[in-house]
Amino acid sequence: MRLTIIIEKGDGEIWGRVEAPGFLNVTVGNSEAEITQNMLELIEDFLENEGKEDEYWKGVTLESIEFDYRYDLTAFFDLFSPLKINSIAEKAGINKALMRQYVSGVKHPSAQQVQKIESAIHAFGQNLMKVSLV
């Protein structure tokens, strides 16, 4: 089973939430790994209790769960701090000052702006995959 953890930045920590039929849980941590571990513990408890009779969750084990991750911009640039905000803004064709406001949470990007940022990040990652070091 594939579940999506949505990662958001809170005060001094990051938040992770999973929304699935019959299950909505939120946890906090200092890293993606900690959020993932905490969420697995919440799911384990759910499967042993209220989820054991739920049709959607029948047959699901912790071993069968895989996570996808979605990030708000603030959490993304906090967790992936080596990426330069200005560089991604430039590649996305977004004003650098506006991008910094998105990342700080002062302003919120439209769905179109989010798509431009995500495309720029993916292109950057594809370029990194082509790197060979000697």
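For the sequence shown, counting from 1, position 32 maps to 32 in full-length UniProt numbering; every step adds exactly one. Don't be surprised by glycine CBs; every beta carbon is placed ideally from N, CA and C. These figures come from a predicted structure and were not determined experimentally.
Problem set entry | Reduced DSSP secondary structure (H/G/I, E/B, other) of ILE35 | DSSP places ILE35 in the helix class (H, G or I) of the three-state scheme.
For this session: Can you say whether TYR102 is buried or exposed, counting buried as having 16 or more other CB atoms within 10 angstroms of its CB?
Result: Under this definition TYR102 is a buried residue.
For this session: Can you tell me which of THR27, GLN126, VAL106 and GLN112 puts its alpha carbon nearest to the alpha carbon of ASN38?
Result: Comparing Cα-Cα distances from ASN38 to each of THR27, GLN126, VAL106 and GLN112, the minimum goes to THR27.
Exercise. For ILE43 versus LEU62, is the C-beta distance shorter than 9 Å?
Worked result: Their beta carbons are under 9 Å apart, which means ILE43 touches LEU62 by this criterion.
Problem set entry | Contacting residues, own chain, Cβ-Cβ under 8 Å from HIS108 (five flanking each side not counted) | So the qualifying residues of the chain are TYR102.
Exercise. Taking Cβ positions, are GLY59 and PHE23 nearer each other than 9 Å?
Worked result: No. Outside cutoff.
Exercise. In three-state terms, what does DSSP make of ASP54?
Worked result: If DSSP states are grouped into helix, strand and coil, ASP54 belongs with coil.
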